[in-house]
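When the sequence shown is numbered by our numbering, its final residue is 258 and no position is left out of the sequence of numbers.
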Amino acid sequence: MDEFLEKEYVLVDSENFEDYLIFLGISYIARKAALSLRPRQLLTKDNEGRYTLSFKSKLVNSTVSFVPGQEFDEVKPDGVKVRASIEFEGNKLIHTQTEANGRTAHHIRQFFADKMTMTTTANGFDKTAVRYFDNPHIDFHSKSLTTENILSGPLSKTRFPIPLDPLEVISRYLHRLTVPSYIVGWGEAGWCRGVVTMATRRPDAGSRRP
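Dropping the structure here:
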């Protein structure tokens, strides 16, 4: 798991998250406020081996400090106190929260270099909530990118001539995109995707817009 330390992941999409908030009894106004946020999550580790999971957004900031496998008291963003534990399993961070009434929720974060998914299940909740995060700092020319890294986006069905530098793709289609948006282009490692705003800020890239 330490290979994913200091990597920031930004929320880009959700499935069934509002249904989960309804299940928790969150009010309409609070739900809409939560759904409007694009939080960032970051995992860090101190010199004593203690981890901190940070959650930052325009309205809510929170941190959870823990030692893997040890239970601790936690207060959720909605103010509910829970008994919690966090464990690592490969590239998964498994966060379990148990309320005083016995209701238990499991939040499984699965980390990759370019993305992170958070899957939530709970006793009595008949759906699975999934939140999708991207790492906006991925370099378009990173050789770790493969054809398996392709995800859907507004230009995902576009097929560009091969070979075509991803930065050329940006320069040709930038006027069609609304930030933050995603593109798929042909690079050294095959079809790959990145965040336009970060890719165009590479200090060595220069302006390649026609």
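Where is the CB? At the ideal position from N, CA and C, for every residue including glycine.
query: Completely contained alpha helix (DSSP H) runs for the stretch 71-103, where each covers 4 or more residues; result: 76-84
query: Chain-order list of residues whose beta-carbon lies under 8 Å from that of asparagine 34 (same chain, five-residue window excluded); result: The question about residue 34 has no answer, for the chain in this structure spans 49 to 258.
query: Aspartate 174, DSSP secondary structure in three states; result: coil
query: As assigned by DSSP and simplified to three states, the class of glutamate 51; result: helix
query: The stretch 162-180 / the stretch 59-74 touching (three or more Cβ pairs under 8 Å); result: yes
query: Whole-angstrom distance between alanine 153 and threonine 169, CA atom to CA atom; result: 6 Å
query: Given glycine 97 as reference, the closest of Ala148, Val178, Pro116 once Cα atoms are compared; result: Pro116
query: Cβ pair phenylalanine 181, methionine 164 closer than 8 Å; result: yes
query: Reduced DSSP secondary structure (H/G/I, E/B, other) of glutamate 66; result: helix
query: Between the CA atoms of threonine 111 and valine 123 - distance to the nearest angstrom; result: 10 Å
query: Cα-Cα separation, leucine 59 to aspartate 121; result: 26 Å
query: Valine 128 in three-state terms, based on DSSP; result: coil
query: Cβ-based burial, glycine 235 [other Cβ within 10 Å; buried from 16]; result: Its pLDDT being 41, under 50, glycine 235 is placed unreliably by the model, and the measurement read from it follows with that caveat. By the neighbour-count rule (16 or more Cβ atoms within 10 Å), glycine 235 is buried.
query: Best match in Leu90, Ser62, Ile156 for proximity to lysine 104 [C-alpha to C-alpha]; result: Leu90
query: Rounded separation between asparagine 183 and glutamate 147 - CA only; result: 31 Å
query: Straight-line Cα distance separating glutamate 119 from threonine 100; result: 14 Å
query: Cβ neighbour criterion (16 or more within 10 Å) applied to tyrosine 1; result: No information on residue 1 is available, as it lies outside the stretch 49 to 258 that the chain covers here.
query: Contacts around lysine 55, its chain only, beta-carbon distance under 6 Å, and the 5 residues preceding and following it disregarded; result: Asn183
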